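Below is one structure, written out as structure tokens; the observations come after it.
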């Protein structure tokens, strides 16, 4: 398949599905809490409404504040391009790998933290400083675990990694991948600012991290930020599920039908993951900010053990 | 060109630098013209250097040998050897030097009338020249001489503004540390001499026994490590860099500490020919320690130049990680991994010269505009110095290894080299490599945090002091100097292949293995030559996607969105009194979470002073002071120095008692002892 | 003949023992005079001998010089100096006398031990005399170390000179004449300079006790 | 020619006592020292041509060869520079009422007597005469040390005289034994004659010779300021007037070492190996370096600090002589020259600083660089130079010595050597650099007040900077001759 259409598919699928994931998570959380909950498509409406509204911008703010929403969205989408939703659609030798993924997301985060400081408000600074800490603590576990997976594929390109993982039978029963999977789950929760690390629903200054950074945003800028966050979340989910729950080895047929089927299977996995996240969020509580390091340490230990196990047990 | 002789170009370049120094001295009385001519000549020389080294990296094959002086003094001879390794470092030197010279046109104006600009430029030009000699010395003795001259000149530049106490202290610590390091080098060179009877760098080291090679490696490691600021030999660096004028600290941090990297390559890889894998692993270990600790300490600094100095330590660490991997791999015969790691290290050396140089120049601009190095007193400068702000932002992104900039590419190569160095059946290397990956990731994220702090606190928000309020944009020449560097950062980030091809020439010259073939997959795509063609990145593509998406989003909003105006309004103040600059987050506050998380490292001390007013609930004054400890100085260096001092001051009065009888007794006893010796031997 | 010389060398050694045992400045100046006399005797005898055998007069001349300088002039000079600087009775030595004497015996033994390597190089008994003379040198040095007063050091220095001279005399029947002359001139000048310095010390420090001279330390 | 030089010096010395008038005195001293320098040049050329210079007069006592020529040149060169410096120095002292005309005359008299004795020590063939001359140097310089005639300087002078005389006496014992060892070989006219002793060295009686060496080492070692006999040196150097300190440190120590080197040459030739002497010299050399290194670290007065550094460098030279390979001897001689020039430059700039500030404690001095636009920088650079920093000359000779040590496979020794050098540098940096920076305390006017001295300083700085990388061919030939004289056999630059 040629790169341009691949990129198009990627971007469209992920952009389209990302808000839905939030909907699913919220809905299933509500259900587990015996609540009605918002409709699945609520986020789409929210975005639409916000896009209609014009933004209110602080007088202190500089162009950084205005540029950030675009950059955040752009980086999220660019990241999306690097994580194929299905191994069947990857063009040969497509440039871009997981390390690049991490550092593209870093660009978005960098600007988001700057934006937090830009308005000169107290909350923004608080949010960015906390974000700085969490991201710094989480980063090593992502890269070590990704590197371990990369060892099998002898490549850090996500596509190659997925292709290699297809050949592993039942990854989650394999100690190495189980450890890495758990590590990545923690990473996912931290990166997408979910309980127990952060609480997307809170606006309490003691607890909020991501929300504090975007506190000054409103209107269409807020919409872009929200969308960016959702896309980033979906990208990470995709990475997780496509690496550790490979599905393309199940398909026997080929052609565009296969692609369609593979994408559907992928969507199914995403839904599962979303429900899983909801379950975790309801079954745990938000940690104190300074207990987060312990969680991060756990993640790192898991990934490093995984790395060691890889050599203890071989592939 | 016909009959092109690079030697002549280099000679001309040396002459130009010399001329710059002289003219600076001669025009002392007219600082303006003196400055103009001196830096003009330096600029010309830099241009020549760039051209010559580029030519040598691409066209000229054989190393050049220029013999300047054969002295009648034993062991001393001045001859230059310029091969591709030297050429690469000369390129770095000339590029940075040129930009710094442009910058200096404007920057040094604040010296006019207040200081002896002539003397400053004299030292400055000679400093560059001495670095050139270090990079091209053909025999160990001349290398040593050039090395010492370089240290000496940089010392004088550090103490140039010597009326501040801290500068004197900085200078003394610097010169002592560097001199101690240098004496380790001297022992190494002398071992080399005693086994091979020659100081020639290109001669073989076959006649040196293994144990001696190990000893020499350790000596070189300590010697060069001191100059490079490898932890725990780094203590001089955070003092010396802030003390010097900004254009000098740019050179020191951008090039001078890299001469140590050059030395390691020249002597360990080139001369000693790596006999053990543990050499590389030692480097790797040191590298990851320096990378993490360096950035960790940088995070706690609010003096902008000290902060940058600690980041130099971090980046030296990253370079050493690459170097270590390549040494290990080459020692084990994995030529390709070695070559990739080497390329990574060299590329990062080049990149660091660009962005760190730029950052120091920017720091100089800030200091010039606000008369302070403390970022806690800045804020809101993006409004007052927009261009400087943009350039600083670019440098910050580059040093945080963020995507479309050059820092990312070299770190990516380092990651890949680490990945490649991991293989079954070599537990030690694997574990260190995995730790190195973690260290790289950690230091990368911390660096991002640190530069968010630097940029956010000093450029964004509300101004925190009068200085910051009345800051003015830097002169055009300074902006131009920084702008060139920033442009190069972007260029090297978006189209790395061009630079990597040059670097590959060095790699081929050193290790005989080319990676350029494997590196290129399509336009601007850097692919990883070791494994499946899958592993490749294309910064331009990523940039294109991001820009595209950004534009699309913008257009979409224009189309969908109704009224496109955005309203300006005050920041939300929770309905209390209006926000003022003291309410926003300070640098200390920003780094507090990490200070608490990493308290083991800093052993932070805090004290709260409360002056109670009418009632304990309404204190008149509250002071909160946070301090972090410099572990290595407090627990390693100070005790040692105190020990020696106490010993010597004790001995002084025990031995040199002032009593003539004692003195006669010494003579008496010596005589008896010698008579005994004579009788017994 | 030779055994007279032996006796003299022993006597010279003994005289230096006596010197060490002296408590008072005046008394050890006297002892020094005695020692110089003995040396003059030795020189005289050797001079006569060499005159008879080789017709050399230089040793004799040297002997006369000694009489005039070391026996007459310098002791008087010392006495005068000593009389002019104010005199305060105080303990003049660090170690007590018996111990000093014991150490001196030790020195003799030591010099015998360390110089005996050159036994039998020259005709017979020279060896023993050389040992004695060298120990005189060592004892003179020890004397300088053990005395607090400036004059004591001058005397010690002169004793060392004596020791050197007899060493030269016994081992080589005198150095080349010119050298001997030079040595004498040097010695005289040295003593004069020391004398002047003693005066200065006395006027600066109100005492010639060298304990005061401890300002240049470290 | 040579006799003429000696005569001139002696006569001039006496003249100073007779002549009245400051300017006359200064003029005479300038003229005389210039003339002497010229004469030295002529003599050196002769030595270069014929290898040695002797005259039949006075029983042919005069003898000059490459070795002594080198040191003689140092003496006269420094003599000239110091007398130029002294003009400005003494004028300043005169203005401050430190000295009157009479003392001025005495100063010059003693200085020239001092130089005369040193020239004598270097130009006599007879070891006994040499001893006499060296003893005489002590006597001549005693009152120069005590020139200011205050408590401290008198104390220093006393210690200087006593310790050096005792040491020299021990050396005389050595000379006697040397004489003894040669009795059965040499006959009266050539007794104690160095050339004769050296030619017949194999025939001398080793046991006595060894003993002689021991005593001469202790004796001349005392004069040369080798630890542990160095104790007189810091006091004397710090109390003497700075120009004299320059002479003491730059010249006197060398001429004492000269005595040792001559003896070493004989003994090694006799014993057929340098093991016996080498061990002692290396041990004492290292001890001196270590002592200096430790004492410099917490030194509080700058002149004492420099004195200790002289001890260190004497140790270096002794060590190099102890190695006794052609290369090391070459380095040692070269180091003698370089150390003399550099150290005297330092002491002279010390003098300027002292006259400007009037205090010797480092702690009470600030802002030398800003206050003394020429001497300050010269002083600082001189410190770097003396600590062995390229491109100054001390570095090049230290390098050749270190190279010789390593080439002789004394790896550990070499490493310790370098370590000690580094320690010394560290000590200097820690204790001394702070006096250069910052602003001066109190109301001191900026500017130099000793113009001729300033010129001298710049000349010296230029000299040590140039010879750092370049060695004049004549000097090289002279050094090779000297090396050959000491070590025998074929000469080569190492």
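Chains as they are written, first to last, in the working numbering: chain A, 14 to 328; chain B, -17 to 663; chain C, 9 to 226; chain D, 945 to 1438. Ideal Cβ placement from N, Cα and C applies to all residues, glycine included. Quick caveat: nothing in here was measured; it's all calculated off a predicted structure.
query = How should residue 1197 (chain D) be labelled, buried or exposed, when 16 other C-beta atoms within 10 angstroms of its C-beta is the threshold for buried?
reply = As a position in the fourth chain, residue 1197 (chain D) is number 253, starting the count at 1. By the 10 Å Cβ count, residue 1197 (chain D) comes out buried.
Chain D contact for residue 161 (chain C) (CB, 8 angstroms cutoff) = Here residue 161 (chain C) is taken as the residue at index 153 of the third chain, counted from 1. Yes, residue 161 (chain C) counts as interfacial toward chain D.
Given 8 angstroms, three or more beta-carbon pairs between the stretch 172 to 190 of chain C and the stretch 1070 to 1090 of chain D = yes
ask   = Three or more C-beta pairs closer than 8 angstroms, one from the stretch 39 to 54 of chain B and one from the stretch 79 to 91 of chain B: is that the case here?
value = no
request  = Leaving aside the five residues before and after residue 444 (chain B) along the sequence, list all residues of the same chain whose C-beta is less than 8 angstroms from its C-beta, in chain order.
outcome  = Residue 444 (chain B) sits at position 462 when you count from the first residue of the second chain. 361, 362, 561, 562, 563, 566, listed in sequence order.
task = Please confirm whether residue 126 (chain A) and residue 394 (chain B) have their CB atoms less than 8 angstroms apart.
result = Counted from its first residue, the first chain places residue 126 (chain A) at position 113. Counted from its first residue, the second chain places residue 394 (chain B) at position 412. Pairing residue 126 (chain A) with residue 394 (chain B) gives a Cβ-Cβ distance that is not under 8 angstroms.
query = Going along the chain, which residues of its own chain have a beta-carbon closer than 8 angstroms to the beta-carbon of residue 87 (chain C), five neighbours each way excluded?
reply = Taking the third chain and counting its residues from 1, the one referred to as residue 87 (chain C) is at position 79. If you ignore the 5 residues before and after residue 87 (chain C), its C-beta comes within less than 8 angstroms of the C-beta of 34, 37, all in its own chain and listed in chain order.
ask   = Of all the alpha helix (DSSP H) runs that stay within the bounds of the stretch 1212 to 1256 of chain D, which reach a length of 4 or more residues?
value = 1219 to 1241
query = Of all the options A:59, A:22, A:121, which has the alpha carbon lying nearest to the alpha carbon of residue 97 (chain A)?
reply = Sequence index remark: in the first chain, residue 97 (chain A) carries index 84 (1-based). Looking at the Cα atoms, A:22 is the closest of the given residues.
ask   = Any beta-carbon of chain D closer than 8 angstroms to the one on residue 50 (chain C)?
value = As a position in the third chain, residue 50 (chain C) is number 42, starting the count at 1. Judged by the 8 angstroms Cβ criterion, residue 50 (chain C) is not in contact with chain D.
query = DSSP beta-bridge partners for residue 549 (chain B)?
reply = Along the second chain, read from residue 1 onward, the residue named residue 549 (chain B) stands at position 567. Bridge partners of residue 549 (chain B): A:69.
query = Would you say residue 31 (chain C) reaches chain D, if we count a Cβ-Cβ gap shorter than 8 angstroms as a contact?
reply = Within the third chain, numbered from 1, the residue matching residue 31 (chain C) stands at position 23. Judged by the 8 angstroms Cβ criterion, residue 31 (chain C) is not in contact with chain D.
query = What whole-angstrom Cβ distance do residue 194 (chain A) and residue 384 (chain B) have, given they're in contact under 8 angstroms?
reply = By one-based count along the first chain, residue 194 (chain A) stands at place 181. By one-based count along the second chain, residue 384 (chain B) stands at place 402. At roughly 28 angstroms, the Cβ-Cβ gap does not stay under 8 angstroms, so residue 194 (chain A) and residue 384 (chain B) are not in contact.
task = Identify every residue that forms a DSSP beta bridge with residue 116 (chain A).
result = Taking the first chain and counting its residues from 1, one reaches residue 116 (chain A) at position 103. Answer is none; residue 116 (chain A) lacks a bridge partner.
message = So, under 8 angstroms CB-CB, residue 416 (chain B) and residue 317 (chain A) are touching, yes? Tell me the CB distance rounded to an integer number of Å.
response = Counting from one through the second chain, the residue named residue 416 (chain B) turns up at place 434. Counting from one through the first chain, the residue named residue 317 (chain A) turns up at place 304. At roughly 7 angstroms, the Cβ-Cβ gap stays under 8 angstroms, so residue 416 (chain B) and residue 317 (chain A) are in contact.
request  = Note the first and the last residue of the continuous alpha helix (DSSP H) segment covering residue 1063 (chain D).
outcome  = Within the fourth chain, numbered from 1, the residue matching residue 1063 (chain D) stands at position 119. Run containing residue 1063 (chain D): 1045 to 1067, per the alpha helix (DSSP H) assignment.
query = Just the Cα atoms here: how many angstroms apart are residue 199 (chain C) and residue 1108 (chain D)?
reply = What you label residue 199 (chain C) is simply residue 191 of the third chain in a count that begins at 1. What you label residue 1108 (chain D) is simply residue 164 of the fourth chain in a count that begins at 1. Each residue's alpha carbon lies about 13 angstroms from the other.
ask   = Is the distance from the Cβ of residue 91 (chain A) to the Cβ of residue 524 (chain B) below 8 angstroms?
value = Start at 1 with the first residue of the first chain, and residue 91 (chain A) comes out as number 78. Start at 1 with the first residue of the second chain, and residue 524 (chain B) comes out as number 542. Yes, Cβ-Cβ distance for residue 91 (chain A) and residue 524 (chain B) is below 8 angstroms.
task = Could you tell me whether the Cβ of residue 664 (chain B) comes closer than 8 angstroms to any Cβ of chain C?
result = Residue 664 (chain B) is absent from the model: chain B starts at -17 and stops at 663.
ask   = When the Cα of residue 94 (chain A) is compared with those of B:519, B:616, B:155, B:98, which residue comes out closest?
value = To locate residue 94 (chain A), count along the first chain from 1; it is residue 81. When each option's Cα is compared against that of residue 94 (chain A), the closest is B:519.
request  = Evaluate residue 1250 (chain D) with the Cβ neighbour count: other Cβ atoms within 10 Å of its Cβ, from every protein chain shown; 16 or more gives buried, anything less gives exposed.
outcome  = Residue mapping note: residue 1250 (chain D) aligns to position 306 of the fourth chain, counting from 1. With 16 or more Cβ atoms within 10 Å of its Cβ, residue 1250 (chain D) is classed as buried.
inquiry  = Output needed for residue 207 (chain C): all residues of its chain with C-beta closer than 8 angstroms, excluding positions within five of it in sequence on either side, in chain order.
reply    = Here residue 207 (chain C) is taken as the residue at index 199 of the third chain, counted from 1. If we look at residue 207 (chain C) and ignore the five residues flanking it on each side, its Cβ neighbours are 89, 92, 93.
message = Let me see if you follow: with CB-CB separation under 8 angstroms, is residue 1344 (chain D) close to chain B or not?
response = Translated into the one-based positions of the fourth chain, residue 1344 (chain D) becomes position 400. Chain B contact via Cβ: present.
query = Taking the DSSP output, what are the residues bridged to residue 519 (chain B)?
reply = As a working mapping, residue 519 (chain B) is identified with position 537 in the second chain. Answer is B:508.
query = residue 177 (chain C): which of C:218, C:70, C:77 sits nearest, CA to CA?
reply = Here residue 177 (chain C) refers to the residue found at position 169 when the third chain is read from its first residue. Checking every option, the nearest Cα to that of residue 177 (chain C) belongs to C:70.
key: Terminal residues of the alpha helix (DSSP H) in which residue 486 (chain B) lies   = Along the second chain, one-based indexing puts residue 486 (chain B) at 504. Unbroken alpha helix (DSSP H) run through residue 486 (chain B): 478 to 493.
Euclidean distance between Cα positions of residue 133 (chain C) and residue 1150 (chain D) = Against the third chain, residue 133 (chain C) aligns to sequence position 125. Against the fourth chain, residue 1150 (chain D) aligns to sequence position 206. Unreliable placement is indicated for residue 133 (chain C), whose pLDDT of 49 sits below 50; no coordinate value is reported for it.
message = On the CB-based measure, 16 or more other CB atoms within 10 Å of its CB, does residue 113 (chain C) come out buried or exposed?
response = As a first step, residue 113 (chain C) must be located in the third chain, where it is residue number 105. It is exposed - the Cβ of residue 113 (chain C) has fewer than 16 other Cβ atoms within 10 Å.
task = Report, in whole angstroms, the separation of the C-beta atoms of residue 121 (chain B) and residue 61 (chain B), which I expect to be a contact under 8 angstroms.
result = Position 139 of the second chain, counted from the start, is the residue given in the question as residue 121 (chain B). Position 79 of the second chain, counted from the start, is the residue given in the question as residue 61 (chain B). Their Cβ separation, rounded to whole angstroms, is 6 angstroms, which keeps residue 121 (chain B) and residue 61 (chain B) in contact under 8 angstroms.
ask   = Is there at least one Cβ from chain B nearer than 8 angstroms to residue 223 (chain C)'s Cβ?
value = Indexing the third chain from 1 puts residue 223 (chain C) at position 215. Residue 223 (chain C) counts as touching chain B.
ask   = Closest Cβ-Cβ distance between residue 1073 (chain D) and chain C: below 8 angstroms?
value = Within the fourth chain, numbered from 1, the residue matching residue 1073 (chain D) stands at position 129. For residue 1073 (chain D), the answer is yes, since a Cβ of chain C falls inside 8 angstroms of its Cβ.
task = Using a threshold of 8 angstroms, state whether the C-beta atoms of residue 1285 (chain D) and residue 1408 (chain D) are closer than that.
result = Counting from 1 along the fourth chain, the entry for residue 1285 (chain D) is found at position 341. Counting from 1 along the fourth chain, the entry for residue 1408 (chain D) is found at position 464. Closer than 8 angstroms, so yes.
query = What separation, rounded to the nearest whole angstrom, lies between the Cα atoms of residue 1294 (chain D) and residue 156 (chain B)?
reply = Along the fourth chain, one-based indexing puts residue 1294 (chain D) at 350. Along the second chain, one-based indexing puts residue 156 (chain B) at 174. Approximately 25 angstroms, taken between the alpha carbons.
inquiry  = Is it buried or exposed, residue 1342 (chain D), if we count other Cβ atoms within 10 angstroms and call 16 or more buried?
reply    = Position 398 of the fourth chain, counting from 1, holds the residue named residue 1342 (chain D). Result: buried.
query = Can you name the residues that DSSP bridges to residue 62 (chain B)?
reply = Sequence index remark: in the second chain, residue 62 (chain B) carries index 80 (1-based). In DSSP, residue 62 (chain B) forms a bridge with B:48, B:119.
ask   = From residue 71 (chain B) to residue 396 (chain B), what distance separates their C-alpha atoms?
value = Your numbering for residue 71 (chain B) matches position 89 in the second chain. Your numbering for residue 396 (chain B) matches position 414 in the second chain. So the two alpha carbons sit approximately 19 angstroms from each other.
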